[in-house]
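In our numbering, each number is its position in the sequence shown, counted from 1, plus 3. C-beta atoms are modelled at their ideal positions from N, C-alpha and C, and glycine is treated no differently. Note that this is a predicted model, so its numbers are computed, not measured. Here the structure is laid out as structure tokens; the discussion comes afterwards.
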Amino acid sequence: PDKSSSIFSIPLSMADTYAPFEPSFEHAQADYAAASAWCLRQLNVVECHESGFTGKGVVILHPDSGSREHPAFNWSRVHQGPDFYNADDDPTFAGRDAIHGLKTGSVIIGSSQTAPEGSRLIGVAPDATLVEVQVTRAKISRWNPIPTPVLMLNTCQYLTDAINLAVERNIPVISISLGTKFFNLFTGLKRACERAYKSGIIVVAAGGNYTKRLDIYPAAYATVISCGATGPTGEVWVDCGSGSHIEFMAPGEGVYRAAVNRDTNTDVLSNDSQGTSYAVAHIAGIAALWLERHGGHDALLERIASLGLKKKDLVRGFRQSLALSVQRAYEPEGDYGYGLVNAHEALKHDPFEEWL
Numbered sequence: 004p005d006k007s008s009s010i011f012s013i014p015l016s017m018a019d020t021y022a023p024f025e026p027s028f029e030h031a032q033a034d035y036a037a038a039s040a041w042c043l044r045q046l047n048v049v050e051c052h053e054s055g056f057t058g059k060g061v062v063i064l065h066p067d068s069g070s071r072e073h074p075a076f077n078w079s080r081v082h083q084g085p086d087f088y089n090a091d092d093d094p095t096f097a098g099r100d101a102i103h104g105l106k107t108g109s110v111i112i113g114s115s116q117t118a119p120e121g122s123r124l125i126g127v128a129p130d131a132t133l134v135e136v137q138v139t140r141a142k143i144s145r146w147n148p149i150p151t152p153v154l155m156l157n158t159c160q161y162l163t164d165a166i167n168l169a170v171e172r173n174i175p176v177i178s179i180s181l182g183t184k185f186f187n188l189f190t191g192l193k194r195a196c197e198r199a200y201k202s203g204i205i206v207v208a209a210g211g212n213y214t215k216r217l218d219i220y221p222a223a224y225a226t227v228i229s230c231g232a233t234g235p236t237g238e239v240w241v242d243c244g245s246g247s248h249i250e251f252m253a254p255g256e257g258v259y260r261a262a263v264n265r266d267t268n269t270d271v272l273s274n275d276s277q278g279t280s281y282a283v284a285h286i287a288g289i290a291a292l293w294l295e296r297h298g299g300h301d302a303l304l305e306r307i308a309s310l311g312l313k314k315k316d317l318v319r320g321f322r323q324s325l326a327l328s329v330q331r332a333y334e335p336e337g338d339y340g341y342g343l344v345n346a347h348e349a350l351k352h353d354p355f356e357e358w359l
């Protein structure tokens, strides 16, 4: 990638220079109580924000279809990374394209502070920084009707490139709302996920939609945290993938997120789609809160080293914190992993001390 891309201007220290998100902002409490915030309430993310954890200082790589400006974002928190799909350095779009990346990204870092009435949305980690990297096409067409989240051979390679970039830049969280059932033997992608894991990078990926018990990759790799989807009542979304590769559950049905009215090209909030893509965004956001709670990625890696542990133990620690936080398990046992996570409980655990 071009070293002049804005992704390479992010300080290695990941120091955050933006004005923080304030839950006490004049309309924030009403936004937390709104229908659009049911996911935050289900996951007990509201309590995390009230405790001061909003993802400050944490950077999340978001390889997807690209994105565009939207009032539900604090756009100053979005960095443009490389566009691997189009071989340039601008993964943003002015029109109605890049909808999938826009939707999933808004779940992670949506911020009501910059949004007018009707477009307010609070993300899981509104103070995190999101690096947009395009690895798949922005829209489907009658000539290419395969949905954006479905990886093909070329887009598997672009995703591999994005993960390797995160390792190079020490970006601590990667949110992958994409997957494939065809290219599980694509060794480059598997090796990239292993590199990230050994580097202490948390990789979260979608467990699959309409796929029943099929393994979906990269979610099914042992080095990746795989997510399934729940609905507003906490029940499993009816078309969620299942099986031994699913680890944790989070909201994915009826999730409010940034969207674009395709008829008028206007910015809106909507909850008219569903999928494990949104579950991934929630868990990735929780990873940012958890890292902030432990002093940030770099500080946590230093602490892990001082305890005689390896970088990959950071990922193991996050997994254990999620597992110990689960508020609801599902039947049949083993089909939906540990179950529905509780973000506030996850932040209470210090697995590294418990291991000593």
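When you compare only the Cα positions, how much space is there between D218 and G246? 7 angstroms
Can you check whether the CB of M252 is closer than 7 angstroms to the CB of T226? no
Can you list, in chain order, the residues of its chain with a C-beta nearer than 6 angstroms to that of A332? Leave out the 5 residues immediately preceding and following it. G342
Give the single residue among R260, L303 and Y200 whose Cα lies nearest to the Cα of L124. R260
Roughly how many angstroms lie between the CA atoms of N274 and L43, to the nearest whole one? 14 angstroms
In terms of alpha-carbon separation, which member of G84, I177 and W240 lies closest to S202? I177
On a Cα-Cα basis, can you pick out the residue from D242, I249 and Y213 that is closest to I228? I249
Okay, do the region 82-96 and the region 309-316 touch, 3+ Cβ pairs below 8 angstroms being the bar? no
H103: first and last residue of the uninterrupted alpha helix (DSSP H) it sits in: I102 to I112
Can you tell me which of the three DSSP states F342 falls into? Correcting the residue identity first, residue 342 is Gly in this sequence and not Phe. For G342, the secondary structure class from DSSP, reduced to helix, strand or coil, is strand.
Taking V62 as the reference, which of F355, L350, A349 and L292 has the closest Cα? L292
Around the Cβ of N268, are there at least 16 other Cβ atoms within 10 angstroms (buried) or fewer (exposed)? exposed
Please classify R265 as buried or exposed, where buried requires at least 16 neighbouring CB atoms within 10 angstroms. exposed
7 angstroms Cβ cutoff met for D316 and P74: no
Give me the Cα-Cα distance between Y88 and F189, rounded to the nearest whole angstrom. 18 angstroms
Pick helix, strand or coil for T163, following the three-state DSSP scheme. helix
Could you have a look at A22 and say whether DSSP puts it in helix, strand or coil? Bear in mind that the predicted position of A22 carries a pLDDT of just 49, short of 50, making it unreliable; the figure below should be weighed with that in mind. The answer is coil: DSSP assigns A22 none of H, G, I, E or B.
Between the C-alpha atoms of A284 and S114, what's the straight-line distance to the nearest angstrom? 15 angstroms
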